[in-house]
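Enquirer: Every number in our numbering is 19 more than the matching position in the sequence shown, counting from 1. All residues carry an ideal CB built from backbone N, CA and C; glycine is no exception. Have a look at this one.
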Amino acid sequence: MAEAQEDAEIEVPTPVQAEKVFSTQEGTERVLVAISNAGHYIDDRQKEIASNKAEIKKWEFHTGGVAKICAVIGIICAVISVLLGCFCGMYCLLFAIPAAVCAVFTFVRGREASLDGYYNNGRREAIAKDEKEVGMVKEKLNPVLSLIPEDYSSLDAIDYMIKALEMGWAHDFSEAAKEWNEESHRRKVENMENLRLQSQLRTESAVRDLRDLEMANLAFDVYRDVRRRR
């Protein structure tokens, strides 16, 4: 955790410094790498937070919720068993046995809930710690992001511009941004082409299904006419 947080550290340049930094390949790459590390760190922590919250919610239903439902069923069965015992003798066993089973199940679930609750306390502490660290990193990240146009502030854009600098396709922020513009346009064209192909395939499939249906109807009509002639 400590190592990840160190990777997310960012040195915030002033606007004047940023102009000089972004005019060089080394300076641009240094700032973009810092932004990328911080952004990925935030994403990883937020995924972990969401996972821990989902586990707690799952526990609350499957352990606490199921135990409560079982306890209610057990109480109902116990009451019915007592009433049947007063008026119908041995028939009370029909509900006494389910009541006993529910009581045992509720006891077992209660012990599991106690143990799971212990582990969930650890999850809640981890959530609070991660949310605090994410907030601290965001405070350092936002001033740097404000120096970059919004169209180039996504992690996809940042990572691609870093690649362009590392590969020698760009030598400053301006050239890296142009490389991203071309890549972004290419991706949009490819996405539109894929959507068009998917739409075409769905249309062709629908046409084939319609043709098959028409052929089936025609065959049925022919069969029906033959049967009538007989």
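1) Excluding the 5 residues preceding and the 5 following Phe-192 in the sequence, name in chain order all residues of the same chain whose CB lies nearer than 7 Å to its CB.
2) Taking 6 Å as the cut-off, is the C-beta of Ala-145 nearer than that to any heavy atom in the ligand GDP?
3) Where do the ends of the alpha helix (DSSP H) carrying Leu-166 lie?
4) Starting from the Cα of Glu-67, find the closest Cα among Ser-224, Lys-159 and Glu-152 and give me that residue.
5) Going by beta-carbon coordinates alone, are Glu-202 and Tyr-171 separated by less than 7 Å?
6) Take Lys-72 and list the residues in its own chain whose beta-carbon comes closer than 7 Å to its own, dropping the five residues that flank it on each side.
7) How many Å lie between Lys-39 and Arg-64 at the Cα?
8) So, with DSSP's three-state summary, where would you put Trp-188?
9) Taking its Cβ as the centre, do 16 or more other Cβ atoms sit within 10 Å of Ala-235, making it buried, or is it exposed?
10) Nearest-angstrom Cα distance between Asn-200 and Ile-177?
11) What are the boundary residues of the alpha helix (DSSP H) that Thr-43 is part of?
12) In this structure, how does DSSP classify Ser-70 when only helix, strand and coil are distinguished?
13) At the level of alpha carbons, what is the spacing between Trp-1 and Gly-154?
14) Below 8 Å, can you find three or more Cβ-Cβ pairs linking the region 50–65 to the region 204–217?
15) Just the Cα atoms here: how many angstroms apart are Lys-182 and Arg-227?
16) Beta-carbon separation of Leu-160 and Ala-69 under 7 Å?
17) Using the C-alpha atoms, what's the distance from Glu-45 back to Lys-197?
18) I believe Leu-174 touches Ser-55 by the beta-carbon criterion, under 8 Å. Please report the beta-carbon distance rounded to the nearest angstrom.
19) Does DSSP put Ser-55 in a helix, a strand or coil?
Expert: Quick look at the numbers:
1) Residues of the same chain with a CB within less than 7 Å of the CB of Phe-192, apart from the 5 flanking positions on each side, are Phe-41 and Thr-47 in chain order.
2) Here there are no bound small molecules, and the ligand GDP is not part of this structure.
3) In the DSSP assignment, Leu-166 falls outside any alpha helix (DSSP H) and carries neither an H nor an E.
4) Of the candidates Ser-224, Lys-159 and Glu-152, the residue whose Cα lies closest to the Cα of Glu-67 is Glu-152.
5) Contact: no.
6) So the list reads Ile-146, once near-sequence residues are dropped.
7) In a straight line, the C-alpha of Lys-39 is about 32 Å away from that of Arg-64.
8) Trp-188 falls in the coil class under three-state DSSP.
9) Exposed, by the Cβ-count rule.
10) Between Asn-200 and Ile-177, the C-alpha separation is close to 12 Å.
11) From DSSP, Thr-43 is part of no alpha helix (DSSP H); its letter is neither H nor E.
12) DSSP places Ser-70 in helix when its eight states are reduced to three.
13) Absent from the structure is residue 1, since the part of the chain shown begins at 20 and ends at 249.
14) These segments do not touch.
15) Lys-182 and Arg-227: Cα-Cα distance of roughly 45 Å.
16) Their beta carbons are not under 7 Å apart, which means Leu-160 does not touch Ala-69 by this criterion.
17) Straight across, the Cα-Cα distance linking Lys-197 with Glu-45 is about 17 Å.
18) Their Cβ separation, rounded to whole angstroms, is 7 Å, which keeps Leu-174 and Ser-55 in contact under 8 Å.
19) In this structure, DSSP gives Ser-55 a helical state, which the three-state scheme calls helix.
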